[in-house]
Amino acid sequence: MKSKIYVQQKISLIVCKTLTIESIDIEEDLFDMGLLDSLSLVQLMVAIEEEFEVTISPDELDLEDYKSVQAMSEMINRAALTSMFSDFGWMKNG
Amino acid sequence: MGDRSTLKLNKTDSKSEAQSTETPKKSGRSKITAIQESDIEEVAAMSQIYFPGSKNVSLEYLIETIKLLYFTHENTTPEVSSLVSRSADGSINGFLGVTPSSFLYKDEKMVAAHSHHLMATEKGRSMLVPMRILQQFLSGSQDFSFADGSVESSKLLWERLGGSPSISNCIYYKVPLRPFSFASRMAENRVPRIASKVLGSFSGALDLVAKISRIPGFNRNKPMVSLLPLTPELLLEALHLVKNNFSVFPLHNKLKLTQLFHLLGREQRYGALHKLALVDDQEGIVGWFIYYAKKRGICEVIQAVSISGKEDVLFDTLTWHAFDQGGIELSGRLMPGHIRSSFTSKTISIPGRMWTLVHSSDPELKLEIQTGNAFLSRLEGDLWLL
C-alpha cells in the first residue's frame, strides 16, 4: 500500500495537469473554486483510476470524493484497503 | 495495489436517497427536485439560452410545449419526472427533460425513461450540475433509461455513470434527393461565398434539367403502393404487424399517439409534417413513415418502418414522397432491421453522428437494446421536443 503523502502528491500532480493550474493545496475545495466542471471531473476520474489502477463503480460514485486532493486521496486509500481485504479473502479461500 | 480493483464504499445508502424525486436530494451545493409547474417559465427561458433551436420559437411556444410534455402527457408519472437543479438562492441552475414511456419486454411491462435537453448555467456547470442531475436520473425507478441524439460530452457522462452507447441505434443516413443542390449545400461552408452563391443558383436548374432528362438518381418514380393518412388508429394497427420482430417494444395507445401527433403537428421548425401508411392491394399495410419536409431543404425522418421484406418499397416510397415535396436531402436514423436494404446501399451512412445512450441495471435488457432488438425510433426522440 502506498503512503498517504505519495498518494496526495500524485493526485495533486494529476489535478494540476488536468485543470491546467500550477499548484493546489490539498484541502482546497475544487467545487467552491469553480475549477471543475462535469467533463473535467470525468477526465480527472479517468486519470486517477489509471494512475492507481482502481475502477470506481458507477453505483458507488460519490462526487464529494472529488472535492479536494485530500478527499480523493482518502478515497484511493479506501480503495486500497478494499483491494487488500479482497486479496486476503482470496488467499483464505484458496 | 496490484490488480485493478473496484471501489465499494458502503458509506451510506446513497442509491435509495437518489431514487426519490419527491424529497429533494441535497448534494451540498444544489438541490435536485422533480419539475414543478412553477418552474416552466424559467426552464423555457434557459432552453432559449442554451439550445440554438429554441431561439427560433417564442417563449410562449416553449412554455406550452413543456406543459404538454411534462404535465399533460399520457405517460406523465410522479415516479419518473423531469429534474431541475436549484442553487442556494433558489434559482434554477440545471435541467434534464425526462419523458417516461412503457415498453414490453418478455411479456412484462417495463418503464423506460427518455432523457433529453440536459442543460446547466455557467455557475451550475462549475457546481457539477450536469453530472449530479444525470446521476440522480439514472438511479431512478425506471427499468431502463435512454437518450437520443446525444453529443460526445453527454456520452462521456453517461459512460462514467454506467451507461453506454447503443451502436445499432447510432447510424444515421442521408439521401441526396436533388444531387446538385445537395452538393452545393455541402460545399456552402467550404468554398468562398461568391462561389457558393453561383453554385446555389445553378444547382437547382441543373437538378431540374437532369430530372427532365430522366437521368437515374435525379428522378424518383411513383411507387406501386397506395398511401393513406397515418392516423393513431392506423399506426396502432401497423405497429402490431412488426411487434414480433423486436424483444423490447413500445406500448402505445390511441390517446398517447394522438398526443404525440399533436406535439409533432405543432412543431413548425422542421417544415411540414407528413405521416403516411403504405398499403399494398394484396398485403394490406406494408409500412409507414413520419417525417418533416422542408421545401428546398432537409427532410427529417422521425419514423420509417416496414414489415419484413418490404424495406426497399418503404425506401423508394419515402424518397419519392420527399422528392415530390421539393426536398434536397432526406436524413434519418437507421432502424436496426434496415441494415441490409436500400437504407444502407443507396444512402450515405454516418455512424455515430449522434449517440443513442442506454442505461439499465438489468444487463440482459441493456444487451437486447444494444444489439438492435429494441424498437427505438425518433418518434419520442428529442429532435422536435423543445
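Line order of the protein sequences matches chains A and B. Note that our numbering gives residue 26 to position 26 of the first sequence, counting from 1, and the numbers run on in steps of one. So our numbering is basically just the index in the second sequence, starting at one, shifted up by 94. Using N, Cα and C, we set each Cβ at its ideal position, and we do this for glycine too.
8 Å Cβ cut-off: residues of chain A touching residue i
i, result
"B/Arg219", "Asp37, Ser38"
Cross-chain neighbours of residue i in chain B, by beta carbon under 8 Å
i, result
"A/Leu41", "Leu222, Met225"
"A/Met45", "Arg254"
"A/Leu63", "Ser121, Leu222, Met225, Arg226, Gln229"
Chain B contact for residue i (CB, 8 Å cutoff)
i, result
"A/Leu13", "no"
"A/Lys10", "no"
"A/Gly94", "The pLDDT assigned to A/Gly94 is 41, lower than 50, so where the model puts this residue is not dependable, and the model offers no usable value."
Cβ separation of residue i and residue j, assumed to be a contact under 8 Å, to the nearest whole Å
i, j, result
"B/Leu451", "B/Trp252", "4 Å"
"B/Tyr364", "B/Lys388", "7 Å"
"A/Glu27", "A/Ser68", "6 Å"
"B/Asn187", "B/Ser124", "6 Å"
"B/Val174", "B/Gln236", "5 Å"
"B/Phe197", "B/Phe343", "6 Å"
"B/Val395", "B/Gly426", "3 Å"
"B/Pro430", "B/Ser209", "The pair is not a contact, with the Cβ atoms about 21 Å apart (cut-off 8 Å)."
"B/Ser247", "B/His453", "With 8 Å as the limit, B/Ser247 and B/His453 do not qualify as a contact, their Cβ atoms being about 16 Å apart."
"B/Glu327", "B/Lys348", "6 Å"
"B/Ser320", "B/Val373", "5 Å"
"A/Val7", "A/Ser57", "About 20 Å; that fails the 8 Å criterion."
"B/Leu190", "B/Leu156", "Contact flag wrong, Cβ pair sits at about 16 Å."
"A/Leu19", "A/Ser40", "6 Å"
For residue j and residue i, the rounded distance between their alpha carbons
i, j, result
"B/Ser278", "B/Ser290", "7 Å"
"B/Leu370", "A/Ser38", "43 Å"
"B/Glu361", "B/Arg472", "14 Å"
"A/Ala79", "B/Ala139", "43 Å"
"B/Ser260", "B/Gly466", "8 Å"
"B/Val151", "B/Thr166", "21 Å"
"B/Leu428", "A/Met75", "43 Å"
"B/Lys316", "B/Val292", "32 Å"
"B/Val245", "B/Leu335", "33 Å"
"B/Leu232", "B/Val137", "21 Å"
"B/Ala468", "B/Ser341", "6 Å"
"B/Asn338", "B/Lys200", "11 Å"
"B/Ala206", "B/Thr171", "11 Å"
"B/Ile160", "A/Thr82", "46 Å"
"B/Val303", "B/His415", "20 Å"
"B/Gln142", "B/Asp375", "48 Å"
"B/Phe437", "B/Gly243", "19 Å"
"B/Leu408", "B/Met318", "11 Å"
"B/Leu324", "B/Gln353", "14 Å"
"B/Asn179", "B/Phe312", "The sequence given here has Ser at residue 179 of chain B, not Asn. Cα to Cα, B/Ser179 sits roughly 51 Å from B/Phe312."
"B/Gly234", "B/Leu412", "39 Å"
"A/Lys4", "A/Ala71", "12 Å"
"A/Val46", "B/Val223", "19 Å"
"B/Ala85", "B/Lys350", "In this structure chain B extends from 95 to 480, so residue 85 of chain B is not present and cannot be described."
"A/Lys17", "A/Phe31", "17 Å"
"B/Gly294", "B/Leu300", "10 Å"
"B/Phe145", "B/Gly446", "21 Å"
"B/Leu162", "B/Phe296", "44 Å"
"B/Gln397", "B/His368", "11 Å"
"A/Met33", "B/Arg287", "45 Å"
Contact with chain A by residue i, beta-carbon distance below 8 Å
i, result
"B/Gln229", "yes"
"B/Arg284", "no"
"B/Glu116", "Annotation note: pLDDT 38 at B/Glu116 (below 50); position unreliable, coordinate value reported separately. Not closer than 8 Å to any Cβ of chain A, the Cβ of B/Glu116 fails to qualify, so no."
Contact list for residue i against chain A, beta-carbon separation under 7 Å
i, result
"B/Ser247", "Leu39"
"B/Leu250", "Leu39, Val42"
Check your understanding: So does the segment 301 to 316 of chain B actually touch the segment 328 to 335 of chain B, counting three or more Cβ pairs closer than 8 Å?
Key -> no
Check your understanding: Can you find at least 3 beta carbon pairs, one from the segment 273 to 287 of chain B and one from the segment 376 to 385 of chain B, that sit closer than 8 Å?
Key -> no
Review point. Quick one: any contact between the segment 2 to 17 of chain A and the segment 47 to 58 of chain A, if contact means 3 or more CB pairs under 8 Å?
Key: yes
Check your understanding: Counting pairs of beta carbons, one from the segment 418 to 434 of chain B and one from the segment 214 to 225 of chain B, are three or more of them closer than 8 Å?
Key -> A contact is defined here as three or more CB-CB pairs under 8 Å, and the segment 418 to 434 of chain B fails this definition with respect to the segment 214 to 225 of chain B.
Practice item. Say whether the segment 429 to 447 of chain B touches the segment 266 to 273 of chain B, bearing in mind that this needs 3 or more beta-carbon pairs closer than 8 Å, one atom from each stretch. Key: Yes: at least three Cβ pairs fall under 8 Å.
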